[in-house]
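Here's the structure we're looking at; comments come further down.
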Amino acid sequence: MKRPAKKVKRQAGQGGWEPLIELLRKFRDDRDWKQFHNPKDLAAAIAIEAGELQEHFLWKSKDEVAADLVAPAKRQEVVHELADILICALLLADCLGVDIDEAVRAKTAANARKYPVSKARGTARKYTELG
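For the sequence shown, the numbering used here assigns the number 203 to the initial residue and increments by one for each residue that follows.
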């Protein structure tokens, strides 16, 4: 059972990432947690939260995962883990002074050069194997 993809609600040109980053800064600062938010620990937090997301899919078939994702409570758990990853990534970007919009656009352009449509379409091979 396939769930239709929804468009991302917040896109560049609609306030960008800054309102979310401000919300996260306030949440962090209200709790005096900035002292714990350094690149090493935020990067570790991303990996830990990604592991928690993976737990929802581990050892399950595609059909089992699909069934979980249409069950509201299970889906919400996955959404929360995804949000945790994004929160940590946004806080790390803020800590490092990274412009997220610029970084994503630059990385997408670099990936487009490494994976030209003419060679990469329909294959999961790494760019070094595309020939």
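In this text, a Cβ means the ideal position worked out from N, Cα and C, and glycines have one as well.
Legend entry - Where Y317 falls: helix, strand or coil (DSSP): coil
Legend entry - Contacts around D270, its chain only, beta-carbon distance under 6 Å, and the 5 residues preceding and following it disregarded: K276
Legend entry - Cβ pair count under 8 Å reaching 3, the region 224-231 against the region 249-258: no
Legend entry - Continuous alpha helix (DSSP H) stretch holding V300: start and end: Here V300 belongs to no alpha helix (DSSP H), and DSSP marks it neither H nor E.
Legend entry - Residue burial classification, L294 (beta-carbon count within 10 angstroms, cutoff 16): buried
Legend entry - Cβ-Cβ separation, L298 to P241 (assumed contact under 8 Å), whole Å: 6 Å
Inset, instruction - Check D234 in the structure and name its three-state DSSP category. - result: coil
Inset, instruction - Could you check the C-alpha separation between L292 and D286 for me, to the nearest Å? - result: 10 Å
Inset, instruction - Could you please give the first and the last residue of the uninterrupted alpha helix (DSSP H) stretch that includes K328? - result: Counting along the chain, K328 falls outside any alpha helix (DSSP H), and DSSP gives it neither H nor E.
Legend entry - Burial state of D296, where buried means 16 or more other Cβ atoms lie within 10 Å: buried
Legend entry - N-terminal and C-terminal residue of the alpha helix (DSSP H) that K349 is part of: Given a span of 203 to 333 for the chain in the structure shown, any question on residue 349 remains unanswerable.
Inset, instruction - Would you check if the distance between the CB atom of W219 and the CB atom of I302 is smaller than 8 Å? - result: yes
Legend entry - Alpha-carbon to alpha-carbon, A312 and G324: 19 Å
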